[in-house]
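Participant:
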Amino acid sequence: MRFKIVVLDGIYANPGDLIWDGLKPHGDFTIYERTAPEQVMDRALEADILIVNKVELRKALLYKLPKLKMIVISATGMNNVDLEAAKEHGVLVKNVVGYGAPSVAQHTFALILELTNRVSVHHHSVQNGEWDSGKGFSYTVSPVTGLSGKTLGIYGFGSIGREVASIGRAFGMNILVVSGHTLPAYYPDYEFVSLPELFERSDIISLHAPLRDDNERVVNRALLSKMKPDARLINTARGPLIHEEDLKNWLMAHPMAGAALDVLEMEPPGAQHPLFGLTNCIITPHMAWTAKSARKKLIDEVVLHVTKFVSQQNSL
42 MRFKIVVLDG IYANPGDLIW DGLKPHGDFT IYERTAPEQV MDRALEADIL IVNKVELRKA
102 LLYKLPKLKM IVISATGMNN VDLEAAKEHG VLVKNVVGYG APSVAQHTFA LILELTNRVS
162 VHHHSVQNGE WDSGKGFSYT VSPVTGLSGK TLGIYGFGSI GREVASIGRA FGMNILVVSG
222 HTLPAYYPDY EFVSLPELFE RSDIISLHAP LRDDNERVVN RALLSKMKPD ARLINTARGP
282 LIHEEDLKNW LMAHPMAGAA LDVLEMEPPG AQHPLFGLTN CIITPHMAWT AKSARKKLID
342 EVVLHVTKFV SQQNSL
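With our numbering applied, the sequence shown corresponds to residues 42 to 357, in that order.
1. Pull the bridge partners of ALA301 from the DSSP assignment, please.
2. How long is the line joining the alpha carbons of LYS176 and ASN158, rounded to whole angstroms?
3. Measure how close the beta-carbons of THR192 and ASN215 come, nearest whole angstrom, since I'm counting them as under 8 Å.
4. Report all residues from its chain with a CB closer than 7 Å to the CB of ASN261; omit the five preceding and five following residues, and keep chain order.
5. Identify whether ASN169 lies in helix, strand or coil by the three-state DSSP scheme.
6. Across which residues does DSSP place VAL134 in a beta bridge pair?
7. Using 8 Å as the threshold, is the C-beta distance between VAL48 and ILE72 below it?
8. Measuring CB to CB, does ILE153 end up less than 8 Å from ILE245?
9. Would you decide whether THR320 is buried or exposed? Buried here means 16 or more other CB atoms lie within 10 Å of its CB.
10. Roughly how many whole angstroms lie between the Cα atoms of ALA88 and ILE114?
11. Using beta carbons (cut-off 8 Å, strictly below), is VAL48 in contact with chain B?
12. How many angstroms separate the CA atom of PRO143 from the CA atom of ALA335?
13. Would you report the Cα separation of ALA146 and GLU204, rounded to the nearest angstrom?
14. Hey, is the region 221-229 in contact with the region 180-196, meaning 3+ C-beta pairs nearer than 8 Å?
15. With DSSP collapsed to three states, give me the class of TYR369.
16. Considering only the alpha carbon of each residue, which of THR348, THR331, PRO251 and VAL351 lies closest to ASN55?
17. Return the bridge partner residues of GLY197 from the DSSP annotation.
18. Is it right to say TYR180 is buried, meaning 16 or more other beta carbons lie within 10 angstroms of its own, or is it exposed?
19. Would you kindly check if the distance between the Cβ of ILE92 and the Cβ of VAL304 is under 8 Å?
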C-alpha cells in the first residue's frame, strides 16, 4: 500500500540544503515550503500522512480530513495540533525530541556571551573608528562579565537543559536547576531548587521548560522582582513563558540587567513589539534549533516515524 504524504511547511527543516528523499519509498509525497491557514484544507484533504512544523491542525479541520491517518510534527513542541481531537479521530501523532539539543545549547551560550562580552557592540565600535581615536591598545565600550564563579540557573532539565548545564560547568559556573522530574541524586554537582529561589540566586537564568497550561507567562513581574539587578535572562524555549510587558518594565528599571530571547509570544512579532528598541535586550528570530546537523537529524527522525508507521500498516 502506498500512502499520500504531504509536507505543509517544509522550508523550516529544509530551506534547500537537505533532502526528503527518505519518504520516496513510502508513497507519493508533496512538499510545500509554506502553507497559509486558508490553504491547509485544500492541501491536506487527500493526505494519509501530514508533516507539519508550525501549521495549526485544530479539531474543526481534523474532522474534515477523512483519509488522514498520521501527523508527524517536525519539532518537539506539539501545541499546534489538537492532540485530543486527533486521538478521537483515530489519527496517530508523533513529534521529534532531542534532535536540536546541541544546536540550541550552542545558541544559548552565543546569547549569554553576547550579553556578557558584547562582541557585536565592540566590533561596531572598531568599525566606526573608535580604536583609532586615542583609546590606546585596548578599551571596552561596556563592562565584560566573567562567567567563572557565576551562578547559572536552568529552568527545565530535559536534553537541552542538561546540555546547557554541561557547558556552564565547563565555564566554571555554579549550576542551579528547576526540574519536575529529574532526580537530584543523578546530578550531585548541581543544586535543585524552587523556581523563586532560582530567580533570586542566579546571575544568569536560562529557560528550557516546555510550555504548559501551568507555566504560561510564569516569568512575570512577581518572579522578575526577585532577580538580581544585574542578572541576565535567556529564553530559547517558548516565548509564552515570559510576560513580555513585565519584562520590558523590568529591563527599563534595571539598565545593568539584560535579556536575550530567541523566541517570542507571537512569531513573527510585528513592528510594535514592546521589547524592540531596548538596548539591554537582544532578540534573534527563533533560530537556535537551525544548525544543519540538527535539521538533518530532525528530517531523519521524521522519516523514521513514517517508515515505522507504513511498515505497521502494510503488515495488517
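Just so it is clear, CB atoms sit at the ideal spot from N, CA and C, and this is done for glycine as well.
Facilitator: This is what the structure gives:
1. Answer by DSSP bridge pairing, in chain order: ILE275 and ILE323.
2. 18 Å
3. 5 Å
4. Answer for ASN261: HIS284 and ASP287, listed in chain order.
5. coil
6. ILE112
7. yes
8. yes
9. exposed
10. 15 Å
11. Given the protein chain composition of this structure (a single chain), no chain B is represented.
12. 8 Å
13. 6 Å
14. no
15. The question about residue 369 has no answer, for the chain in this structure spans 42 to 357.
16. THR331
17. None, per the DSSP bridge assignment.
18. exposed
19. Cβ distance not < 8 Å, so VAL304 and ILE92 don't count as in contact.
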